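Remarks on the structure that follows.
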Amino acid sequence: MPLAWIGLLPFLLYALLFLLLPAGQVLVGAFQGLEGGFTLDNIRELFNEPYRTAFKNSIEVSLVTALVGGLLGFLIAYSAIRDGTPRWLRGTLTTFSGVAANFAGIPLAFAFIATLGTIGIVTQFMTDQLGINPYDHGFSLFSKTGVELTYLYFQIPLMILVISPAIDGLRREWREAAASLGASAWQFWWHVGIPILMPSLLGAMILLFGNSFAAYATAYGLTGGGVSLVPITIGYLLSGDVLDNPHLGQALAVGMFVVLAVMVLVYLPLQRRASRWAR
Amino acid sequence: MRRWIAPSAVVWLLIGAAYFLIPLVATLLFSLKGNQTGECCTLGNYGEILHDPQFWKNIKISFILALETIVISLVLLVPTVYWVNLKLPRLRPVIGFFALVPFVVPPIILVVGLLDFYQGSPRWFYAEPYGFLVAAYVILAFPYIYFALDAGFRAIDIHTLTEASQSLGAGWPTTLARVIVPNIKGAALAGALLTLAIVMGEYTIASLASFDTFPVYIQYVNQTKAYPAAALTLLSFGITWAAMVAIVFGLRGRGQAQVGGAH
């Protein structure tokens, strides 16, 4: 059927108009000077302050939340799936993770402000009942640590959703075979469990990294732009208080795009490898 | 096989439960404090939000945006995914690749491109949320709707269904509307509800393109009225919760997993 591809035209046209062309515009604009014409100045500017710090912070926050979120998400998912845990717990956890992974942005930021802000419930409880005000001890919700703590609220559930199918793929026979050959639980994990799960774990953590790297609303709602992150900086340039170089926002976007594209390129082969053990 | 839950599993599940429930409980307690006094307990903050005409106005805008996004996405994608699975199975990876593009071009990048590219386009598109924002939201919803539909289509035998329908004399429109669509209703519903949750919560594009949607209203209240903001946060959580619970119950037993939204 040589003409069958015509059926794809409406979809391709839509993607072209509202995704590919605008994205292409960003890519082209990033390499344009103020009077038009090709230049690398905008890209070079990314390596100067304050943009260098924004990238450093964004990468740091994404790494921390991907590692911590990935580890905790895996441990919680495994705890819910392993033998002995009641079945209903698993269903509850999946539903709850679906909600929490989507409960992000402005409302999530405020939930944390109500909890750990300067007059938050937990802050007041700690001050009144335990005599420790965390804000007197260097903690602030409106800092990088605060952003990381808040991001984990959607990172951990995302990890649980993504990694659960891989944990399901760990067959009980493998564990029994290892046990009957005299392996301890640690030996099973070290020689069998972790190596089999490794591509899935890495792939899931890359997904988490990108999820956090691209997040704007949560950090904005939390700090109002007080913590310098790449998306926050782009938003600041876009809202246009400064009639600066309009191509700078595009260059920052291209910087983000490159980091995310590298992530996807690493992710795809890992995912293919991970699916090898899928039932 | 263990008969009882492992002690370490109890510890990790409790840690997880504490981390996820404490902010919700704290927000609930916060929302019950008196607006003037900061004392417990009153439902006044909920009343204040529910009596604010701006609340209803913005939630209505976001809800209409969500419906419009869902309709356009389904009209665009149901025939496309059907056609690809039926006639062009070799192109499935191509569409699957497109579904990954929004991951590399997140809302914050998409809005930079869209604002620039459509600057100077007609006002009915550029200055209207029902034009500009919906165009962007269809792109944001694309991966979720695509993966939901693709799973739905792979679970049914579209070749047999199509042949049966056509041998009885049905044309393409009849086949699609009366044979295919009823069979993928569950998958379409899952994608639609996820889209509803995403659009009702999308802040990045709406605020940077200066549109007054529900999340923009939430942020405005956050900055001006602390205690009513807590009430509003819980109401918004309720919307996400309702959408997700509807997905789970709508798809019970079909083994459908979905992944996070726009942050």
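The listed protein sequences derive, respectively, from chains A and B.
Residues in the first sequence are numbered from 11 upward in steps of one, following our numbering.
Residues in the second sequence are numbered from 17 upward in steps of one, following our numbering.
C-beta: ideal position from N, C-alpha, C; glycine also.
Small disclaimer: the values here were computed from a predicted structure and weren't measured.
### Query
Do residue 156/B and residue 123/B have their C-beta atoms within less than 8 Å of each other?
One-based indexing of the second sequence puts residue 156/B at position 140. One-based indexing of the second sequence puts residue 123/B at position 107. The answer is yes: Cβ separation under 8 Å.
### Where the alpha helix (DSSP H) containing residue 75/B begins and where it ends
Taking the first residue of the second sequence as position 1, residue 75/B is located at position 59. Where residue 75/B is concerned, the enclosing alpha helix (DSSP H) stretches over 69-103.
### Query
Relative to chain A, which residues along the stretch 107-133 of chain B have a C-beta separation below 8 Å, given in chain order?
Answer set for the stretch 107-133 of chain B: 107, 111, 114, 116, 117, 118, 119, 120, 121, 122, 123, 124, 125, 126, 127, 128, 129, 130, 131, 132, 133.
### Query
Along chain B, in chain order, which residues have C-beta atoms closer than 9 Å to that of residue 184/A?
Residue mapping note: residue 184/A aligns to position 174 of the first sequence, counting from 1. For a Cβ distance threshold of 9 Å, nothing in chain B lies close to residue 184/A: the least Cβ distance comes to about 14 Å.
### Query
Between residue 229/A and residue 217/A, is the Cβ-Cβ spacing less than 8 Å?
Position 219 of the first sequence, counted from the start, is the residue given in the question as residue 229/A. Position 207 of the first sequence, counted from the start, is the residue given in the question as residue 217/A. Not in contact: residue 229/A and residue 217/A (Cβ atoms no closer than 8 Å).
### Selection of the stretch 217-246 of chain B by Cβ proximity to chain A, strictly under 7 Å
From the stretch 217-246 of chain B, only 217, 219, 220, 224, 231, 234, 235, 238, 245, 246 have a Cβ closer than 7 Å to chain A.
### Query
Can you give the Cα-Cα distance for residue 174/B and residue 222/B, rounded to whole angstroms?
Residue mapping note: residue 174/B aligns to position 158 of the second sequence, counting from 1. Residue mapping note: residue 222/B aligns to position 206 of the second sequence, counting from 1. Going by the C-alpha atoms only, they are around 39 Å apart.
### Inter-residue Cα distance where the pair is residue 269/B and residue 95/A
For the purposes of this step, residue 269/B is identified with residue 253 of the second sequence, where counting begins at 1. For the purposes of this step, residue 95/A is identified with residue 85 of the first sequence, where counting begins at 1. Any reading at residue 269/B must be qualified, since the residue scores a pLDDT of 47, below 50, and its modelled position is unreliable; the value itself is stated next. Spanning the two alpha carbons is a distance of roughly 20 Å.
### Message
On the DSSP bridge list, what partners appear for residue 49/B?
### Response
On the second sequence, residue 49/B is found 33 positions in, with the first residue counted as 1. Looking at the DSSP assignment, residue 49/B forms a beta bridge with 56/B.
### Message
Determine, for residue 31/A, whether the minimum Cβ-Cβ distance to residues of chain B falls below 8 Å.
### Response
Sequence index remark: in the first sequence, residue 31/A carries index 21 (1-based). Yes, its Cβ sits closer than 8 Å to a Cβ of chain B.
### Task
Please specify which runs of the alpha helix (DSSP H), each continuous and at least 4 residues long, are wholly inside the stretch 169-235 of chain A, giving them in chain order.
Complete alpha helix (DSSP H) runs here, min 4: 182-190, 195-198, 204-223, 227-233.
### C-beta atoms of residue 164/A and residue 224/A nearer than 8 Å
Walking along the first sequence from the start, residue 164/A turns up at place 154. Walking along the first sequence from the start, residue 224/A turns up at place 214. No, these two residues do not count as a Cβ contact at 8 Å.
### First through last residue of the alpha helix (DSSP H) which encompasses residue 146/B
Sequence index remark: in the second sequence, residue 146/B carries index 130 (1-based). In this chain, residue 146/B is not harboured by any alpha helix (DSSP H), its DSSP state being neither H nor E.
### Residue-level contact to chain B via CB, residue 258/A, 8 Å cutoff
In the first sequence, the residue the question calls residue 258/A occupies position 248. Cβ-Cβ to chain B under 8 Å: no for residue 258/A.
### Query
When DSSP labels each residue in this structure, what does residue 158/B get in the three-state scheme?
Here the question's residue 158/B lines up with position 142 in the second sequence. Helix at residue 158/B.
### Message
Spatial neighbours of residue 20/B within its chain, please: C-beta separation below 8 Å, excluding the five flanking residues on both sides.
### Response
Indexing the second sequence from 1 puts residue 20/B at position 4. Closer than 8 Å at Cβ, skipping near neighbours: no residue.
### Task
Check whether the stretch 28-41 of chain A touches the stretch 127-147 of chain B, counting contact only when three or more Cβ pairs, one atom from each stretch, lie closer than 8 Å.
Yes, they touch.
### Message
Contact defined as beta carbons within less than 8 Å: I believe residue 33/A pairs with residue 121/B. What is the distance between those atoms, to the nearest angstrom?
### Response
Residue numbering aside, residue 33/A sits at position 23 when the first sequence is read from its first letter. Residue numbering aside, residue 121/B sits at position 105 when the second sequence is read from its first letter. Yes, residue 33/A and residue 121/B are in contact; Cβ-Cβ is about 5 Å, under 8 Å.
### residue 235/B to residue 45/B span [Cα, whole Å]
For the purposes of this step, residue 235/B is taken as residue 219 along the second sequence, with counting starting at 1. For the purposes of this step, residue 45/B is taken as residue 29 along the second sequence, with counting starting at 1. Using only the alpha carbons, I get a separation of about 20 Å.
### Query
Which residues in chain A sit within 9 Å of residue 145/B, going by Cβ to Cβ distance?
For the purposes of this step, residue 145/B is taken as the residue at position 129 of the second sequence. Contact note: residue 145/B does not reach chain A at a C-beta cutoff of 9 Å; the least C-beta distance is about 15 Å.
### Query
Which class does residue 41/A belong to by DSSP, given the choice of helix, strand or coil?
Position 31 of the first sequence, counting from 1, holds the residue named residue 41/A. The three-state secondary structure of residue 41/A, taken from DSSP, is coil.
### Message
Quick check on DSSP: helix, strand or coil for residue 4/A?
### Response
Because chain A here runs from 11 to 289, residue 4/A falls outside it and cannot be looked at.
### Message
Threshold first: 4 residues or longer. Then list the alpha helix (DSSP H) segments lying entirely within the stretch 200-259 of chain B, N to C.
### Response
Counting only runs of 4 or more, we get 201-217, 220-224, 230-240.
### Message
Just to make sure I have the definition right: I need the residues of chain A whose C-beta is within less than 7 Å of the C-beta of residue 46/B. Which are they?
### Response
By one-based count along the second sequence, residue 46/B stands at place 30. Here the neighbours are 124, 131.
### Query
What's the gap between the Cα of residue 69/B and the Cα of residue 76/B?
For the purposes of this step, residue 69/B is identified with residue 53 of the second sequence, where counting begins at 1. For the purposes of this step, residue 76/B is identified with residue 60 of the second sequence, where counting begins at 1. If I take the Cα positions, the gap works out to 11 Å.
### Sub-8 Å separation of residue 160/A and residue 119/A beta-carbons
Within the first sequence, the letter at position 150 stands for residue 160/A. Within the first sequence, the letter at position 109 stands for residue 119/A. In this structure, residue 160/A sits near residue 119/A, with a CB-CB distance shorter than 8 Å.
### Query
For residue 79/B, which residues in chain A fall below 7 Å Cβ to Cβ?
Taking the second sequence and counting its residues from 1, one reaches residue 79/B at position 63. None at all; the shortest Cβ gap to chain A is about 16 Å.
### Message
Any beta carbon of chain A sitting closer than 8 Å to that of residue 94/B?
### Response
Counting from 1 along the second sequence, the entry for residue 94/B is found at position 78. Not one chain A Cβ lies under 8 Å of residue 94/B.
### Task
Would you kindly check if the distance between the Cβ of residue 165/B and the Cβ of residue 207/B is under 8 Å?
Taking the first residue of the second sequence as position 1, residue 207/B is located at position 191. Taking the first residue of the second sequence as position 1, residue 165/B is located at position 149. Against a cut-off of 8 Å, the Cβ pair of residue 165/B and residue 207/B comes out as a contact.
### Nearest-angstrom Cα separation, counted from residue 199/A out to residue 193/A
The sequence position of residue 193/A within the first sequence is 183, counting from 1. The sequence position of residue 199/A within the first sequence is 189, counting from 1. As the crow flies, the alpha-carbon of residue 193/A is around 10 Å from that of residue 199/A.
### Task
Sort 158/B, 147/B, 216/B by Cα distance to residue 112/B and report the nearest one.
Your numbering for residue 112/B matches position 96 in the second sequence. The shortest C-alpha separation from residue 112/B is found at 158/B.
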